[in-house]
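**Student:** Take a look at the following structure, please.
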Amino acid sequence: MIAALAFYVFAAILIASAVMVVTSRNPVHSVLFLILAFFNASALFLMAGAEFLAMILVIVYVGAVAVLFLFIVMMLDIDFTQLRQGFQRYAPVGGVIGAILFLELLFVYGSWQFAPDAATLRMNVVPVEPGVSNTEALGRLVYTDYVFLFQVAGLILLVAMIGAIVLTLRDKSVDSKRQDIATQVARAEAVVLTKVPAGAGLATMGITRRKLPEAPKPKAVAHDDPGHSGGGHH
Amino acid sequence: MEAFLASPFGVLIITALQTLAMLVPLLIAVAYMTYAERKIMAAMQMRVGPNVVGPLGLLQPFADAAKMLMKETIIPSGANRALFILGPMLTFMLAMIAWAVIPVNEGWAIADINVGILYLFAVSSLGVYGIIIAGWASNSKYAFLGALRSAAQMVSYEVSMGLVIVTVLLCVGSLNLTQIVLAQKTVWFFIPLFPMFIIFFISTLAETNRPPFDLAEGESELVAGFMVEYSSMTYALFFLGEYANMFLMSAMTTTLFLGGWLPPMDITPFNWLPGPIWFILKICLCMFTFVWVRATFPRYRYDQLMRLGWKVFLPFSLIWLVLTAFVLKLAGWLPA
Numbered sequence: 001m002i003a004a005l006a007f008y009v010f011a012a013i014l015i016a017s018a019v020m021v022v023t024s025r026n027p028v029h030s031v032l033f034l035i036l037a038f039f040n041a042s043a044l045f046l047m048a049g050a051e052f053l054a055m056i057l058v059i060v061y062v063g064a065v066a067v068l069f070l071f072i073v074m075m076l077d078i079d080f081t082q083l084r085q086g087f088q089r090y091a092p093v094g095g096v097i098g099a100i101l102f103l104e105l106l107f108v109y110g111s112w113q114f115a116p117d118a119a120t121l122r123m124n125v126v127p128v129e130p131g132v133s134n135t136e137a138l139g140r141l142v143y144t145d146y147v148f149l150f151q152v153a154g155l156i157l158l159v160a161m162i163g164a165i166v167l168t169l170r171d172k173s174v175d176s177k178r179q180d181i182a183t184q185v186a187r188a189e190a191v192v193l194t195k196v197p198a199g200a201g202l203a204t205m206g207i208t209r210r211k212l213p214e215a216p217k218p219k220a221v222a223h224d225d226p227g228h229s230g231g232g233h234h
Numbered sequence: 001m002e003a004f005l006a007s008p009f010g011v012l013i014i015t016a017l018q019t020l021a022m023l024v025p026l027l028i029a030v031a032y033m034t035y036a037e038r039k040i041m042a043a044m045q046m047r048v049g050p051n052v053v054g055p056l057g058l059l060q061p062f063a064d065a066a067k068m069l070m071k072e073t074i075i076p077s078g079a080n081r082a083l084f085i086l087g088p089m090l091t092f093m094l095a096m097i098a099w100a101v102i103p104v105n106e107g108w109a110i111a112d113i114n115v116g117i118l119y120l121f122a123v124s125s126l127g128v129y130g131i132i133i134a135g136w137a138s139n140s141k142y143a144f145l146g147a148l149r150s151a152a153q154m155v156s157y158e159v160s161m162g163l164v165i166v167t168v169l170l171c172v173g174s175l176n177l178t179q180i181v182l183a184q185k186t187v188w189f190f191i192p193l194f195p196m197f198i199i200f201f202i203s204t205l206a207e208t209n210r211p212p213f214d215l216a217e218g219e220s221e222l223v224a225g226f227m228v229e230y231s232s233m234t235y236a237l238f239f240l241g242e243y244a245n246m247f248l249m250s251a252m253t254t255t256l257f258l259g260g261w262l263p264p265m266d267i268t269p270f271n272w273l274p275g276p277i278w279f280i281l282k283i284c285l286c287m288f289t290f291v292w293v294r295a296t297f298p299r300y301r302y303d304q305l306m307r308l309g310w311k312v313f314l315p316f317s318l319i320w321l322v323l324t325a326f327v328l329k330l331a332g333w334l335p336a
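Residue numbers (full-length UniProt numbering), protein chains in the order written: chain A, 1 to 234; chain B, 1 to 336.
Here it is, written out as structure tokens:
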């Protein structure tokens, strides 16, 4: 009973926050709702018994991806009135695209056929021995049974990463001075190690406080204003 | 009585009591950590430190807390009210909920879950949100700059922290925190994995925004960074959150590298002290080092901070991870 209730609560919040991601006016609020959606998805994973996936979802998507997302979105300088200006002009086009996608999905759903043994397959995707945690089962699948597919996926990601780096890499060596920490630290006079007795301060190292120039003496001003220099008040 | 304790309501009450038993000492420790930090730093800088309120200044934390509570909460007119309040609450909450999985002794964790270390890592990686949200909702340039700095910094150091955790997990073969501690019965992991221990400790400094990595609040250029608009209790929540996070990171270091509740050697004078005392002593050692570092090192420049994270720690921990895997495999030490 409690599990079913929790499921509906998490699912409802998940869907509501997903809707808010699309509809909220402020992009920062959108990202924050996206994070809430991730959290609820992770809670649903937990309820399904996939605790490893739940934690990884939070670590990767909420802890890293969404942080960078929020980072970018917060720095965008968006004029909201300008954003909303073209709404009426683009609404028909967007509506048509949405309708076509929806119809296609309906067709797909209409002609969808399940394999005859789908229901039994779904019940036990992997033959997991009792006593094996789902982290271990997942690890065996990914790193032992399907290791080549995993490596191929890794290579594809690597290519994407190299592409992104190549696109953004500029040779800045011409117009900028770089700090070379090794040479800086290796300078003879850079670091001096001394043992200073407590309370002695820098004087033992021959470093003394520079003598401050003497403060200029206040100039004696001859007052000819009788109101101030004269004796007695009036 | 037995039947009642096994019922859902009974379990709820027991869990609530366990949570109180964890959080009340933690909050008292946080209060006294502010006092200890000021006293230790004073000693290192040949000053006296707080000595007026109560004997030896021991009531200073309570005086500070009372002062914070009495002050007026100011919400700037340009701020996003809901998020402005959410920021400090999030920071404080995240610093508290992580303690649910920390094992203080064998079987003394509130929730001894299978993926305990992943839970800890997940919660600690969320800590950045409190800061980002606070910085953005304040609608102030200083606060925003602080938030951006902190976001980039915490994401960078999390990567190497993750690799360090994976290295430890390779040696343990389990994600459960109790198992991690029990795997250190022969030798604490800081001895075979000493470079990773150092990297982890420095990363925790960056992760908690402590000096020398406190650029998010760099008072000399950003006034107080993301906290600049906060006052009274909202400010106090940030403060409590930061110190509770320091304790959490110390507990993580203790669990991963310093053998948790285990005594240094299982011989007579050492195993007189019960496990939780050892655990607390080790946390105190880590906390002292936090303060010691603060009193010793000047603040990093931002580009140097990023260089250290991405160009030094990340490659080094990656190489050490691969090396550890090789050694474990070739020597046949891989845990089953």
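Where a beta carbon is used, it is the ideal one built from N, C-alpha and C, also for glycine. If you're wondering where the values come from, they're calculated on a predicted model, not measured in any experiment.
1. What in chain B is Cβ-close to serine 133 of chain A, meaning under 7 Å?
2. By the three-class DSSP mapping on this structure, what secondary structure does lysine 185 of chain B have?
3. Would alanine 160 of chain A pass as an interface residue toward chain B - the criterion being a Cβ-Cβ separation below 8 Å?
4. Which residue's Cα is closest to the Cα of isoleucine 280 of chain B: B/Gln18, B/Leu26, B/Leu17 and B/Leu12?
5. Residues of the segment 57-73 of chain A with a CB closer than 8 Å to any CB of chain B: list them in chain order, please.
6. Against chain B, does phenylalanine 55 of chain A count as a neighbour if the rule is that its beta carbon must be under 8 Å from one of theirs?
7. As a quick exercise: from B/Ala122, B/Leu237, B/Gly259 and B/Leu56, pick the residue whose alpha carbon is nearest that of methionine 161 of chain B.
8. As a quick exercise: from B/Gly49, B/Thr186 and B/Trp99, pick the residue whose alpha carbon is nearest that of serine 250 of chain B.
9. With three or more C-beta pairs closer than 8 Å as the rule, is the segment 27-40 of chain A touching the segment 108-117 of chain B?
10. Would you check if the distance between the CB atom of serine 150 of chain B and the CB atom of glutamate 207 of chain B is smaller than 8 Å?
11. I think alanine 6 of chain A touches methionine 47 of chain A, with their Cβ atoms under 8 Å apart; what is that distance to the nearest whole Å?
12. Could you tell me whether the segment 163-179 of chain B touches the segment 243-259 of chain B, where touching means 3 or more Cβ pairs closer than 8 Å?
13. If the cut is a Cβ gap below 7 Å, which residues of chain A does alanine 6 of chain B touch?
14. May I have the straight-line CA-CA distance separating lysine 141 of chain B from glutamine 113 of chain A, to the nearest angstrom?
15. Residues in its own chain within less than 8 Å of glycine 232 of chain A by CB, not counting five upstream and five downstream?
16. CB of glutamine 304 of chain B to nearest heavy atom of the ligand ZN: below 7 Å?
17. For phenylalanine 121 of chain B and chain A, any beta-carbon pair shorter than 8 Å?
18. In whole angstroms, what separates the C-alpha of tyrosine 90 of chain A from that of leucine 44 of chain A?
19. For isoleucine 199 of chain B, would you say it is in contact with chain A, using Cβ-to-Cβ distances shorter than 8 Å as the test?
20. Within a Cβ cutoff of 6 Å, which residues of the same chain sit near glycine 275 of chain B, ignoring the five residues on either side of it in sequence?
21. Under the assumption that alanine 216 of chain B contacts isoleucine 131 of chain B (Cβ atoms under 8 Å), give the Cβ distance between them as a whole number of angstroms.
22. Would you say the segment 39-53 of chain B touches the segment 285-295 of chain B, given that touching needs at least three Cβ pairs under 8 Å?
23. Could you tell me whether any Cβ in chain A is nearer than 8 Å to the Cβ of glutamate 158 of chain B?
24. Would you verify that the beta carbon of alanine 21 of chain A is, or is not, closer than 8 Å to some beta carbon of chain B?
25. Between which residues of its own chain and leucine 70 of chain A is the CB-CB distance below 6 Å, once the five residues before and five after are set aside?
26. In three-state DSSP terms, what is glutamine 179 of chain A?
27. Using a Cβ-Cβ distance cut-off of 8 Å, determine whether phenylalanine 7 of chain A contacts chain B.
28. Taking just the CA atoms, how far does phenylalanine 107 of chain A sit from alanine 64 of chain A?
29. Return no unless some Cβ of chain A is closer than 8 Å to the Cβ of serine 125 of chain B.
30. Can you give me the start and stop residues for the alpha helix (DSSP H) that phenylalanine 213 of chain B sits inside?
31. Check whether chain B comes within 8 Å of valine 147 of chain A, counting only Cβ atoms and requiring the distance to be less than that.
32. Please list, in chain order, the chain B residues whose beta carbon lies closer than 7 Å to that of valine 28 of chain A.
33. Rounded to whole angstroms, how far is the Cβ of valine 192 of chain A from the Cβ of valine 185 of chain A, which I believe are closer than 8 Å?
34. Helix, strand or coil for glycine 78 of chain B? Go by DSSP, reduced to three states.
35. Count the other C-beta atoms from every protein chain shown that fall within 10 angstroms of the C-beta of glutamine 179 of chain A, then say buried if there are 16 or more, exposed otherwise.
36. By how many angstroms is the C-alpha of threonine 194 of chain A removed from the C-alpha of leucine 57 of chain A?
**Tutor:** Judging by the given coordinates:
1. The contact set of serine 133 of chain A on chain B, defined by CB atoms closer than 7 Å, consists of Asn114 in chain order.
2. Per DSSP, reduced to three states, the secondary structure at lysine 185 of chain B is coil, with no helix or strand assignment.
3. Not closer than 8 Å to any Cβ of chain B, the Cβ of alanine 160 of chain A fails to qualify, so no.
4. For the options B/Gln18, B/Leu26, B/Leu17 and B/Leu12, the alpha carbon positioned closest to that of isoleucine 280 of chain B is the one of B/Leu26.
5. Here the close residues are Val58, Ile59, Val62, Gly63, Ala64, Val67, Leu68, Leu70 and Phe71.
6. What sits at residue 55 of chain A in the sequence shown is methionine, not phenylalanine. Methionine 55 of chain A counts as touching chain B.
7. Of B/Ala122, B/Leu237, B/Gly259 and B/Leu56, the residue nearest in Cα terms is B/Ala122.
8. Answer by Cα proximity: B/Trp99.
9. Fewer than three pairs of CB atoms, one per stretch, sit closer than 8 Å, so the segment 108-117 of chain B makes no contact with the segment 27-40 of chain A.
10. It is not a contact, given that the beta carbons lie outside the stated cut-off.
11. Yes, they are in contact, since the Cβ atoms of alanine 6 of chain A and methionine 47 of chain A sit about 6 Å apart, within 8 Å.
12. Contact between the segment 163-179 of chain B and the segment 243-259 of chain B is present, because at least three Cβ pairs lie under 8 Å.
13. Correct list: empty, because the minimum Cβ distance to chain A is about 15 Å.
14. When rounded, the distance between both Cα atoms is 57 Å.
15. Confidence at glycine 232 of chain A is low in this model, with a pLDDT of 46, below 50, so the placement of that residue should be treated as unreliable; the coordinate-derived value is given next. Excluding positions up to five away in sequence, the list is empty.
16. The ligand ZN is not part of this structure, which contains no ligands at all.
17. Interface criterion met: the Cβ of phenylalanine 121 of chain B is under 8 Å from a Cβ in chain A.
18. If you take the alpha carbons of tyrosine 90 of chain A and leucine 44 of chain A, they lie about 36 Å apart.
19. No, isoleucine 199 of chain B lies away from the interface with chain A (no Cβ there is under 8 Å from its Cβ).
20. Shown here for glycine 275 of chain B: same chain residues with a beta carbon closer than 6 Å to its own, the five before and five after excluded, namely Asn105 and Trp261 in chain order.
21. Rounded, the Cβ-Cβ distance is 6 Å, consistent with contact.
22. Taking a contact to require three or more Cβ pairs closer than 8 Å, the segment 39-53 of chain B and the segment 285-295 of chain B qualify as touching.
23. Yes, because at least one Cβ of chain A sits closer than 8 Å to the Cβ of glutamate 158 of chain B.
24. Reading off the sequence shown, one finds valine at residue 21 of chain A, where the question assumed alanine. Not one chain B Cβ lies under 8 Å of valine 21 of chain A.
25. Hits under 6 Å: Val31.
26. DSSP places glutamine 179 of chain A outside both helix and strand once states are collapsed to three, so it counts as coil.
27. Not closer than 8 Å to any Cβ of chain B, the Cβ of phenylalanine 7 of chain A fails to qualify, so no.
28. Spanning the two alpha carbons is a distance of roughly 37 Å.
29. Interface residue, yes.
30. Unbroken run through phenylalanine 213 of chain B: none, as it is neither H nor E.
31. So, not an interface residue.
32. For valine 28 of chain A, the residues of chain B that pass the 7 Å Cβ criterion are Trp136, in the order they occur in the chain.
33. Not really, about 13 Å apart at Cβ, beyond 8 Å.
34. Three-state result, glycine 78 of chain B: coil.
35. Exposed.
36. Rounded to whole angstroms, leucine 57 of chain A to threonine 194 of chain A spans 51 Å at the Cα level.
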